[in-house]
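Numbering (our numbering), first residue to last: 190 to 317. Cβ coordinates follow ideal geometry from the N, Cα and C atoms, glycine included.
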């Protein structure tokens, strides 16, 4: 299977959008209080065009792969109102017990929600 051509992504390749104003800091979450946490085991980002403070960005979210205890997300970063991404990145979460750090199936509600974002990317896959 070949690598997807991320630069060819457009808005129609993403399922969910939110507008996001660039800012200097983000609010943190406390993963210690949750019995199940997602550890980032891989990440990537390709930059295609510059963006900067104080621009408003549109962030597109999709799920590329979904397992029982892992999920791979992809995020398209768009200048507000533009159709071509300025950057495309992603990461893979493996859900683990917060104390044991052993792979643990995600909650059914979590998986059901993530399934709504799942995109089977046939245009980026080699044809057999």
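Worksheet entry | Outcome for residue 236 when other beta-carbon atoms lying within 10 angstroms are tallied against a minimum of 16 | Label assigned to residue 236: exposed.
Discussion item. For residue 278, report the span of its beta strand (DSSP E) as first-last.
Written reply: Element bounds for residue 278: 276-286.
Worksheet item: Are there 16 or more other CB atoms within 10 angstroms of the CB of residue 290, so buried, or fewer, so exposed?
Response: Classification of residue 290: exposed, given that the 10 Å Cβ count is below 16.
Fill in: C-alpha gap between residue 195 and residue 277, whole angstroms
The straight-line gap separating the alpha-carbon atoms of residue 195 and residue 277 is approximately 6 Å.
Worksheet item: Which stretch, first to last residue, makes up the beta strand (DSSP E) that contains residue 250?
Response: Where residue 250 is concerned, the enclosing beta strand (DSSP E) stretches over 245-255.
Worksheet item: Does the distance from the CB of residue 204 to the CB of residue 303 come in under 8 Å?
Response: No, these two residues do not count as a Cβ contact at 8 Å.
Worksheet item: Cα separation between residue 248 and residue 269?
Response: Answer to the nearest angstrom: the Cα atoms are 9 Å apart.
Item to complete: Would you give the residue range spanned by the alpha helix (DSSP H) that residue 303 belongs to?
Response: Bounds of the alpha helix (DSSP H) holding residue 303 are 297-304.
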